[in-house]
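In this note's numbering, the protein residues as written are 33 to 184.
In this text, a Cβ means the ideal position worked out from N, Cα and C, and glycines have one as well.
Only a predicted model underlies this, so the values are computations on that prediction, with no experimental measurement involved.
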Amino acid sequence: MYFRALVIFFAVSLLLGACGGDPASQRDNVDERFDVNNNRETVADLFDGPDERTTVRVNKYLWAASLEVLNFLPLESADPFTGVLTYGFGRAPGSSRAVRATVLVQDPALDARSLKVALQTRGGPASSEMTRAVENAILTRARQLRIRDSGL
Numbered sequence: 033m034y035f036r037a038l039v040i041f042f043a044v045s046l047l048l049g050a051c052g053g054d055p056a057s058q059r060d061n062v063d064e065r066f067d068v069n070n071n072r073e074t075v076a077d078l079f080d081g082p083d084e085r086t087t088v089r090v091n092k093y094l095w096a097a098s099l100e101v102l103n104f105l106p107l108e109s110a111d112p113f114t115g116v117l118t119y120g121f122g123r124a125p126g127s128s129r130a131v132r133a134t135v136l137v138q139d140p141a142l143d144a145r146s147l148k149v150a151l152q153t154r155g156g157p158a159s160s161e162m163t164r165a166v167e168n169a170i171l172t173r174a175r176q177l178r179i180r181d182s183g184l
């Protein structure tokens, strides 16, 4: 029994060690993507400009609309490369219920299928009506931003 656990431990250690790679080369890769000399000052700047090294596969209007609509929640993390926005607990103006949200913008198309929203209250998942209302607000704002940019 002890021998089996020891063998499994070493096998897992070897597998994880092989995944690590060279930390210096990983740091250089991150520094290359977020080159401070490349005039990229905000996350929104990643959506602008033809940089072949940077591939953002999310819709910039859905991304910006998500940030605007859920601005009453504290933003915990934002990853434009995977399209995930994670918010902490907060209360909407005029509401007594605390909610937190996770937003996934999974496609570059300005389409309802590109947006996934998960809301959670302190007591568990939020109602589907509440989630649908937030999704609709984000989609409406994204369309407004697109119309504003295209000058229609």
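query: So, residue 105 versus residue 120, is the Cβ gap smaller than 8 angstroms?; result: yes
query: Could you give the DSSP three-state label for residue 164: helix, strand or coil?; result: helix
query: Which residues in the same chain have their Cβ closer than 7 angstroms to the Cβ of residue 152, if we skip the five residues on either side of it in sequence?; result: 131, 132 and 158
query: Tell me whether residue 181 sits in a helix, a strand or coil according to DSSP, three-state version.; result: helix
query: Just checking my contact of residue 165 with residue 93 at CB under 8 angstroms: how many whole Å lie between their CB atoms?; result: That pair is no contact at about 19 angstroms.
query: Less than 8 angstroms between the beta carbons of residue 179 and residue 101, yes or no?; result: no
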